[in-house]
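The opening residue of the sequence shown carries number 1 in our numbering; numbering runs sequentially from there. Note that CB positions come from ideal geometry on N, CA and C, so glycine has one too. Take a look at the structure set out below.
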Amino acid sequence: MNDVIIIGGSFAGLAAALQLGRARRKVTVLDTGLPRNRFAGHSHGLLGHDHKPPLHILAEARQQLARYPTIKLVNARADSISGAIDDFSVLTGDGDSLGARRLILSFGITDQMPGVPGFAESWGTSIVPCPYCDGFEVADQHWGLVWSGPQSHQSARLFHDWTNRLTVFADGHDIPPDIQADLAHRNIPVVDGRIVEIAHHKGHITTVNLDTRRNVGVDILFAHPRNKPSASLHASLGLATADTPTGIVLKVDERRQTSMPGIYAAGDLTTPFLPSVTQASSQGAMAGIFAQQSMLV
1 MNDVIIIGGS FAGLAAALQL GRARRKVTVL DTGLPRNRFA GHSHGLLGHD
51 HKPPLHILAE ARQQLARYPT IKLVNARADS ISGAIDDFSV LTGDGDSLGA
101 RRLILSFGIT DQMPGVPGFA ESWGTSIVPC PYCDGFEVAD QHWGLVWSGP
151 QSHQSARLFH DWTNRLTVFA DGHDIPPDIQ ADLAHRNIPV VDGRIVEIAH
201 HKGHITTVNL DTRRNVGVDI LFAHPRNKPS ASLHASLGLA TADTPTGIVL
251 KVDERRQTSM PGIYAAGDLT TPFLPSVTQA SSQGAMAGIF AQQSMLV
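Structure (structure tokens):
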């Protein structure tokens, strides 16, 4: 019987494991090796690891966890969860059945690429979602923003701290007149028409091509495609969720516990606004700490 099984071994999951291992709790981390940011060349904004490749940071973290004898890292998928607090059972893709008193869900989310040629090939290189993660490296260049809803207005205002050259692509959305007037006041042009292709060279954008036969050159494109949890375990458990403009996230309380006692969650799976490596690591650490404290006698 494990004290805790952690499902998902990226930044949130490993941060949780570190806290639990240091508390000498028996932990198994299940991971499939497909972190969300594997497409990014570098990770930014993580204190002590700024501008390092994210896969290198994770590899170093796994090496560091090896000094804790109660932590076990397993390359396997979690197929199902059953049971209740103090007696959970996790069935893996390898057919193993593992028991645990507590669970931490940190399996993250999957970005759903639109069917636009060149979009997926440029994702993480020159199409990115977060200015805090990538804005500094492309400051003062020509940015593009794919409109995805009312939240895009805040993004357009936010980007001014990095660049004065921004083009908004309506991409089929009807932008309200008052917002269009505000964008015009800020000298932000709005380009109508749907995006039909991202012309690129090895993932680096050359132009955004529209169905109006207009091609617009930008240096980087910010977009927020729909996403979904990387597994359906939360749905099979009936865990409470919240809707966001791009997908759903799990609801957690102030101790990072989900709607089911004994199950905690952390990382992008629970982050509705500007998910990042820093947030995931912090949330994972807190989930590990609170899970440990819930088992005190």
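Query	Result
Residue nearest to residue 272 in terms of C-alpha spacing, selected from 86, 248, 30, 261	248
Nearest residue (CA-CA) to residue 79, options 295, 159, 94	94
For residue 16, three-class secondary structure by DSSP	helix
Given 8 Å, three or more beta-carbon pairs between the segment 225-237 and the segment 99-112	yes
Extent of the continuous alpha helix (DSSP H) run through residue 210	No alpha helix (DSSP H) holds residue 210; the beta strand (DSSP E) holding it covers 204-210.
Residue burial classification, residue 229 (beta-carbon count within 10 angstroms, cutoff 16)	buried
Pair within 9 Å by beta-carbon distance, residue 284 and residue 12	yes
Residues sharing a beta bridge with residue 52, DSSP	43
Span separating the alpha-carbon of residue 115 from that of residue 148	15 Å
From 131, 89, 189, residue whose alpha carbon lies closest to that of residue 139	131
Counterpart residues of residue 102 in DSSP-defined beta bridges	4
For residue 229, three-class secondary structure by DSSP	strand
Through-space distance from residue 159 to residue 76, alpha-carbon basis	40 Å
Closest residue to residue 41 among 51, 180, 47 (Cα-Cα distance)	51
Every unbroken beta strand (DSSP E) within the segment 144-211, with a cutoff of 3 residues, ordered by chain	166-169, 195-201, 204-210
Residue 192 and residue 210 closer than 9 Å at C-beta	yes
Segment limits, beta strand (DSSP E) that includes residue 222	220-222
6 Å Cβ shell around residue 263 - same chain, five flanking residues per side excluded	103
For residue 205 and residue 167, the rounded distance between their alpha carbons	14 Å
Residue interval of the alpha helix (DSSP H) (run including residue 134)	131-134
Cα-Cα separation, residue 15 to residue 145	33 Å
Close beta carbons around residue 86, own chain, < 6 Å, minus the five adjacent residues each side	101
Assigned exposure category for residue 258 - 16 Cβ within 10 Å defines buried	buried
Secondary structure of residue 10, DSSP reduced to three states	coil
Residue 196 beta carbon less than 9 Å from that of residue 170	no
Residue burial classification, residue 238 (beta-carbon count within 10 angstroms, cutoff 16)	exposed
Residue from 32, 34, 3 with nearest C-alpha to residue 19	3
Residue 82: first and last residue of the uninterrupted beta strand (DSSP E) it sits in	78-84
Cβ neighbours of residue 157 in the same chain (closer than 8 Å, five flanking residues each side left out)	186
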